[in-house]
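Undergrad: These protein sequences, in sequence, are chains A and B.
Here my numbering = 1-based position in the first sequence + 153.
Here my numbering = 1-based position in the second sequence + 1.
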Amino acid sequence: NAGVTQTPKFQVLKTGQSMTLQCAQDMNHEYMSWYRQDPGMGLRLIHYSVGAGITDQGEVPNGYNVSRSTTEDFPLRLLSAAPSQTSVYFCASSLAGSGAKNIQYFGAGTRLSVL
Amino acid sequence: DQQVKQNSPSLSVQEGRISILNCDYTNSMFDYFLWYKKYPAEGPTFLISISSIKDKNEDGRFTVFLNKSAKHLSLHIVPSQPGDSAVYFCVTTSGTYKYIFGTGTRLKVLA
């Protein structure tokens with residue numbers, strides 16, 4: 154029972170490099186999202202998707218792209234990494250809906266450092 | 002502007018005693034509240050939730066209280082155990098899929 158799987162767990166980039174953070178879930182959840190967590194702050198929503206082919210911006214979307222070609226996968230792309238993107242990134246998924254159906258399940262996170 | 006506030010960054014409690022974690026929110030439209038627990042190097046995990054139509058929800062040692070007029074909720078852990086040591090996030094939604102997180106409270110339960 155894998156749940157939400159994020160890869161890689163750690164990554165170091167140089168400023169200007171691009172990379173893709175992978176996220177996969179095996180629970181057939183419609184909703185998936187990406188968050189970042191910075192020191193002293195809660196998790197902030199970057200992008201989210203309510204189903205395959207549908208994505209939208211969250212609170213802090215600049216510098217990130219997403220796509221959702223399948224229900225299972227929701228990759229996050231950094232187009233040109235900047236030191237301000239140094240953070241811990243979490244992917245989450247949930248059943249579509251609100252209230253009790255909106256319990257989100259999180260991956261273990263990707264710790265990213267941009268030098 | 003922080004819509005969900007957890008004003009205590011940290012809390013230390015003796016094992017066996019009660020832990021009380023507090024959370025304030027600004028928007029009366031928020032209708033569902035959750036508490037998540039996070040251990041180091043892991044993702045947050047769901048702990049307990051409450052709908053705005055209730056004022057209390059219990060699950061074992063964990064109870065969440067909601068005071069809508071004060072826009073305040075609290076999480077009570079009784080009795081506290083060393084394994085409860087973690088960061089606790091207060092989370093809310095407003096009928097959509099989007100979560101709004103508080104900044105978290107680090108609980109340390111002393112043996």
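Note that beta-carbon positions come from the ideal geometry of N, C-alpha and C, so glycine has one too.
Predicted model only: the values in this text are computed from it and were never measured.
1. Do you know offhand how far Lys39 (chain B)'s Cα is from Leu111 (chain B)'s?
2. Relative to the C-alpha of Gln175 (chain A), which candidate in A:Leu229, A:Leu268 and A:Tyr217 has its C-alpha closest?
3. Asn8 (chain B) by DSSP, collapsed to three states: which one?
4. With a cut-off of 8 Å, do at least 3 Cβ pairs link the segment 26 to 35 of chain B to the segment 226 to 240 of chain A?
5. Is it true that the segment 8 to 23 of chain B meets the segment 74 to 88 of chain B, where meeting means three or more beta-carbon pairs spaced less than 8 Å apart?
6. Check the Cβ of Gly17 (chain B) against every Cβ in chain A and list those closer than 9 Å, keeping chain order.
7. Looking at C-alpha atoms only, which residue of B:Gly44, B:Thr106, B:Lys99 and B:Thr64 is the closest neighbour of Ser50 (chain B)?
8. Considering only their Cβ atoms, is the gap separating Leu22 (chain B) from Thr104 (chain B) smaller than 7 Å?
9. So, is Gln178 (chain A) buried or exposed, given that buried needs 16 or more other C-beta atoms within 10 angstroms?
10. May I ask you to report which of helix, strand or coil DSSP gives Gln238 (chain A)?
11. Shorter than 7 Å from the beta carbon of Ala155 (chain A) to some beta carbon of chain B?
TA: Quick look at the numbers:
1. In the second sequence, the residue the question calls residue 39 (chain B) occupies position 38. In the second sequence, the residue the question calls residue 111 (chain B) occupies position 110. So the two alpha carbons sit approximately 18 Å from each other.
2. What you label residue 175 (chain A) is simply residue 22 of the first sequence in a count that begins at 1. Comparing Cα positions, the closest option is A:Leu229.
3. Your numbering for residue 8 (chain B) matches position 7 in the second sequence. Coil at Asn8 (chain B), not helix or strand.
4. no
5. yes
6. Taking the second sequence and counting its residues from 1, one reaches residue 17 (chain B) at position 16. Chain A residues near Gly17 (chain B): none, gap ~29 Å exceeds 9 Å.
7. Position 49 of the second sequence, counting from 1, holds the residue named residue 50 (chain B). Among B:Gly44, B:Thr106, B:Lys99 and B:Thr64, the Cα nearest to that of Ser50 (chain B) is on B:Thr64.
8. What you label residue 104 (chain B) is simply residue 103 of the second sequence in a count that begins at 1. What you label residue 22 (chain B) is simply residue 21 of the second sequence in a count that begins at 1. For Thr104 (chain B) and Leu22 (chain B), no; Cβs fall outside 7 Å.
9. Taking the first sequence and counting its residues from 1, one reaches residue 178 (chain A) at position 25. Gln178 (chain A) is buried by the Cβ-count criterion.
10. Counted from its first residue, the first sequence places residue 238 (chain A) at position 85. Looking at Gln238 (chain A) - three-state DSSP - the assignment turns out to be helix.
11. Along the first sequence, one-based indexing puts residue 155 (chain A) at 2. Not one chain B Cβ lies under 7 Å of Ala155 (chain A).
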